[in-house]
Amino acid sequence: MTLTPTRAILTDAVAAGWGVGAFNVLHLETAEALAAAAEATRLPVILQISENAIRYHGGFEPIARATLAVAEASSAAIAVHLDHAEDAALALLAIDHGFGSVMYDGAKLDFADNVATTRRVVGHAASAGVLVEAELGEIGGKDGAHAPGVRTDPDEAAQFVAETGVGALAVAVGSSHAMTERVAALDLGLVARIRAAVPETVPLVLHGSSGVADETIVAGIRAGLTKINVSTHLNARFTGAIRRFLDEHPGVVDSRKYLSAGRDAIESEAARLLRLFAGKDTNG
Ligand SMILES: [Zn+2]
11 MTLTPTRAIL
21 TDAVAAGWGV
31 GAFNVLHLET
41 AEALAAAAEA
51 TRLPVILQIS
61 ENAIRYHGGF
71 EPIARATLAV
81 AEASSAAIAV
91 HLDHAEDAAL
101 ALLAIDHGFG
111 SVMYDGAKLD
121 FADNVATTRR
131 VVGHAASAGV
141 LVEAELGEIG
151 GKDGAHAPGV
161 RTDPDEAAQF
171 VAETGVGALA
181 VAVGSSHAMT
191 ERVAALDLGL
201 VARIRAAVPE
211 TVPLVLHGSS
221 GVADETIVAG
231 IRAGLTKINV
241 STHLNARFTG
251 AIRRFLDEHP
261 GVVDSRKYLS
271 AGRDAIESEA
281 ARLLRLFAGK
291 DTNG
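Be aware that the sequence shown starts at 11, since it is given in the numbering used here, and climbs by one per residue.
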């Protein structure tokens, strides 16, 4: 399939009433596991790299090019997305490197500044056919700086989309980043009101889905969410599998042995989530 534009994956998902998994790539093994999950399920996936992950790797190119290469080599439909770029220059860099979409996160700015900077990124992206995701009504938990409880206002969402021309909108509807227990409730009525207020060509994005239980995510998709961002939940599977492997094999030295245990754990759980979001059989 090679690299697939994010817009194509999301447009198909909206038409089908599906959710699509957008999973964070932290290192090469994550990208490999997520591509394998997409191949096993024959479902599309969005691989996303956050500004935090780029900082961890000490720069944009190594992790970005590795992830693009994994997507290009896969037989599945895979898009590569830049997640949570607060630096507009980084969003422009990703656009120029062939990412299918970028999230410019101006949620900490006031409404007018968020609109102005987002428009600039959208303008640059448009000529490359790249979709821009933006966030309105800050989603809790990022960097621990903001308490959950903020909500996106449907009328403001409609105005923001009209003024910026963004192609996808991250909404604050009850989830919060970096939760390790899946106990968050979603305001499904608000999801439906935002969905009704914003043009159907603009998919809604759920951030912080790691803290939301399976059935609540499914209900959210039915209410109008399309792109489902998951990071912490898969990271916990990766780390848990490695911890178990090392406990059971205290003499192991070859790092590939335990990293592959983590990679396998991400693959199976990502495959399960892709099927769940797409409304397919969740067995296996
Ligand atoms: Zn997020």
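A virtual CB, placed ideally from N, CA and C, is assigned to each residue, including glycine.
Taking 6 angstroms as the cut-off, one finds no heavy atom of ligand 1 near enough to the beta carbon of histidine 134.
Of all alpha-carbon atoms in Glu96, Ile88, Ala76 and Ala47, the one lying nearest the alpha-carbon of asparagine 62 is that of Glu96. Judged by pairs of C-beta atoms under 8 angstroms, the region 182-200 does not touch the region 253-267, as fewer than three such pairs exist. Of the candidates Leu146, Arg192, Ser137 and Val176, the residue whose Cα lies closest to the Cα of aspartate 163 is Leu146. DSSP places histidine 94 outside any alpha helix (DSSP H); the residue lies instead in the beta strand (DSSP E), whose first and last residues are 88-95.
For leucine 146, the pairing in a beta bridge is given by DSSP as Val181.
Contact between the region 118-138 and the region 77-91 is absent, with fewer than three C-beta pairs closer than 8 angstroms.
Out of Ala23, Ala18 and Leu44, the CA that lies nearest to the CA of alanine 275 is found in Leu44. Under the three-state reduction of DSSP, threonine 236 is assigned to strand. Nearest to arginine 203 by alpha-carbon distance, out of Gly218, Phe248, Val193 and Val183, is Val183.
The C-beta of tyrosine 114 has 16 or more other C-beta atoms within 10 Å across all chains shown, which makes the residue buried.
The region 232-239 and the region 209-223 touch, with three or more beta-carbon pairs separated by less than 8 angstroms. In this structure, the C-beta of histidine 243 stays at least 6 angstroms away from each heavy atom of ligand 1.
A direct Cα-Cα distance of roughly 13 angstroms separates valine 181 from alanine 207. When the five nearest sequence neighbours on each side are left out, the beta carbons in the same chain lying within less than 8 angstroms of the beta carbon of valine 171 are those of Leu179, Val208, Pro209 and Val212, in order along the chain.
In the DSSP assignment, methionine 113 is bridged to Glu143. Straight through space, the alpha carbons of valine 131 and histidine 94 are spaced by roughly 13 angstroms. Closer than 6 angstroms to some heavy atom of ligand 1: that describes the Cβ of histidine 217.
Fewer than three Cβ pairs drawn from the region 223-232 and the region 261-270 lie within less than 8 angstroms of each other, which leaves the two stretches out of contact. Taking C-beta separations shorter than 8 angstroms and ignoring five residues to either side along the sequence, the partners of valine 201 in its chain run Val181, Val183, Leu214, Gly230, Ala233, Gly234 and Leu235, following chain order. Beta-carbon to beta-carbon, leucine 141 and glycine 110 are separated by about 7 angstroms, close enough to satisfy the 8 angstroms threshold. The DSSP-derived three-state label of valine 30 is strand.
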